[in-house]
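Worksheet: one structure, shown below.
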Amino acid sequence: MQKSNRFKRGWMALAAAVAIGLTGTGGFLAYANTLPTSTTLNVTDGQKEVPADTHLLFSFSRPVTFAMLTSALSISPATDGTLMSVSGESKYQWIPRLGLSDLTTYTVTLKPFQDTTKHQVKGAHWTFTTTIVPRIAAVTLPDGTPVTNGLEIMPGSKLTFNFNDSMVPSTVRIVLADKPQTLSWSKDLRSASMATSGIPSGPLVLHLDAGAKDSTGHTVKAVWTLDTGLYFRDREHTIALKYPALIQVPNDASALDQDGLQAAGVVFEYVAEGGITRLTAIYDHAPDMIGPMRSSRLVSLKIARHYKGLLFQSGESPVTRSAAGSDPVPQFFDTIGYMFRSASRYAPDNLMITGDGVNRAEQRFPSLGAFVIPKARPVLTGGVTGMTFNVTEHYSTYTYDPMMGTYQKTEQGHRYNDAHTRQVLRMEMVIVMHTHESLLAVSDGHGSYIHDFDLDTQGRADIYYKGQRYAATWSSTDGHGPLTFALGSQPVTLPPGLVWVDVTS
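Heads up: the sequence shown is residues 387 to 891, going by the numbering used here.
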């Protein structure tokens, strides 16, 4: 009987303990249910050296909606990023689109809002500072000009790589075609210079290898690339024109060397009469001085029609005047206040014009529409060596300079220079354009017969570019639009810089 009573009392004690436990648990749950929803972030308030590629992870003790979180969350300084759910409605991740800025203090603010169970989510804010990410902050030329992807620079230019921190030189490798380049470092080890002398003209793609370290041990994590090119460009002052100016330039011995040819976009050379050639220089940008100027020829009128511009000349013969009248060409003749005779040259090869004069003359023809000769660096294949070649009809020899990526011209032993820049004349591309040539039984007024050339059908052409010769074709689908050149079915664009076209039979 006593044993039975003890057994009953034990069960009663256990039941009482369970009851007390359940009551306590229920009380705790009831208490917890009164607490606001808590938020944690994967970076702590005041944390330093936070990597710039950090993603912010928000964890909530109760579910919250994407819309409510988006409305309540702000990050300063403003940074473009994407917020997404990573675990139902209790964990969200914010990913910066371009990474966080280095050495920057960020403030993450969460305004109070309600979760899905109508509990309050307390407002909070965190501040943290990112670590430095060693990198090239800028690449500059000696005059301070920034070098960016796509910018063409002059062959032989010195490049300076400016880092955002002092670097350990032995860890820095700037590579061209898998070959490390020699760098000269500044005293503070924050910049390094590289010479491009000796590197042939053409595309220039440089890489900074990953793994370079700054003085405090931070590492460059990804390969950096600069995609530019070494190409000769005329740097003289010019004036942009609304439409092309086509200027008739003599090419006889007494006219050499001419002013302003380097700034031309295209120069056509052709026999005028008596074995003497003449030039039609086409400008989208007029240099400070151009000349001398002489009269036009029948082929000059055709060129002017093709390139939709204003033809500048000293005068014209009755033959060219008649041709211009049958298919009008806008022309500008020797006019006081625009052109002048230079005392440093002998007549008749001394009529000159300034870039300002060209621009003012064009303003007298406001009805002419805006037009710029299309230019883009071509990508050509299938060429053969074309380092040196002759154009016998023009007594000319062209020689390629691989360091500058341009051709130089000599005629009967005379090397062409630009009298204004006092530098050797450099052609980015030379085109020998073969076409039908006719000798008209009409005098030019000086006892010689006039040469004329077909520019309105099609024919073959030899294109010389970057030391290679390409067998090409030319065609004219529109007597009032630019000539087109092609390799097979592939159009050939004219590169930036001076393109010289020898029109021959």
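The beta-carbon is built from N, C-alpha and C at its ideal position, and this holds for glycine as well.
Source: prediction; values computed, not measured.
Counting along the chain, Leu484 sits inside no alpha helix (DSSP H), nor does DSSP assign it H or E at all. Beyond the five residues adjoining it in sequence on each side, Leu642 comes within less than 7 angstroms, by CB distance, of His800 in the same chain, given in chain order. Rounded to the nearest angstrom, the Cβ distance from Arg483 to Asp466 is 5 angstroms, consistent with a contact under 8 angstroms. CA-to-CA, the gap between Thr451 and Ala596 works out to about 41 angstroms. Cβ contact annotation for Val887 (same chain, cutoff 6 angstroms, sequence separation greater than five): Phe654, Ile817 and Met819, in chain order. Linking Arg855 to Thr774 through their CA atoms gives a straight-line distance of about 10 angstroms.
In this structure, the alpha-carbon of Ser862 lies about 26 angstroms from that of Gly772. With 16 or more other Cβ atoms from the protein chains shown falling within 10 Å of its own Cβ, Val533 counts as buried.
Cβ-Cβ distances below 6 angstroms link Ser579 to Lys544, Thr546 and Ser570 in the same chain, with the five nearest sequence neighbours on each side left out; the list follows chain order. Rounded to whole angstroms, Thr430 and Ile759 show a C-alpha spacing of 60 angstroms. About 4 angstroms separates the beta carbon of Val744 from that of Ala672, a gap short enough to meet the 8 angstroms contact definition. By the criterion of a C-beta distance shorter than 8 angstroms, Gln648 is surrounded in its chain by Asp620, Glu622, Pro673, Asp804, His806, Thr807, Gln809, Leu811, Arg812 and Leu884, once the five residues flanking it on both sides are discounted. If you look at Leu869, you'll find it isn't in any beta strand (DSSP E); DSSP assigns it neither H nor E. Of all alpha-carbon atoms in Val777, Lys573 and Pro716, the one lying nearest the alpha-carbon of Lys795 is that of Val777.
Secondary structure at Ser640: helix, using DSSP grouped into helix, strand and coil.
Closest in C-alpha terms to Gly651, from the list Lys761, Thr515 and Thr859, comes Lys761. Per DSSP, the beta bridge partners of Phe444 are Leu427 and Tyr478. With a beta-carbon spacing of about 7 angstroms, Thr614 and Glu538 fall inside the 8 angstroms limit used to define contacts.
Note that the C-beta distance between Leu841 and Lys688 is below 8 angstroms. The beta-carbon separation of Ala747 and Tyr724, rounded to 5 angstroms, stays under the 8 angstroms limit for a contact. Three or more beta-carbon pairs separated by less than 8 angstroms link the segment 601-615 to the segment 585-592, which places the two stretches in contact. Ala631 and Thr721 have their alpha carbons spaced roughly 16 angstroms apart. Under the DSSP definition of a beta bridge, Leu647 lacks any partner. In this chain, the beta strand (DSSP E) harbouring Ser861 covers Gln854 to Ser861. Residue state for Ser782 is assigned as strand, using DSSP reduced to three classes. Nearest C-alpha to Pro788 among Pro678, Ser587 and Gly536: Ser587.
Closest in C-alpha terms to Met815, from the list Ala847, Leu825, Tyr835 and His837, comes Ala847. Residue pairing by DSSP places Glu823 opposite Phe839 in a beta bridge. For Gly542, there is no enclosing beta strand (DSSP E), as DSSP gives it neither H nor E. The three-state secondary structure of Asp804, taken from DSSP, is strand. Annotation for Ser460: the continuous beta strand (DSSP E) segment containing it runs Leu459 to Ser462. Residue environment for Asp600: buried (at least 16 other C-beta atoms within 10 angstroms of its C-beta). The shortest CA-to-CA distance from Asn736 to any of Leu766, Gln699 and Val715 is the one to Gln699. A residue is called buried when at least 16 other Cβ atoms come within 10 angstroms of its Cβ; Met675 meets this threshold and is buried.
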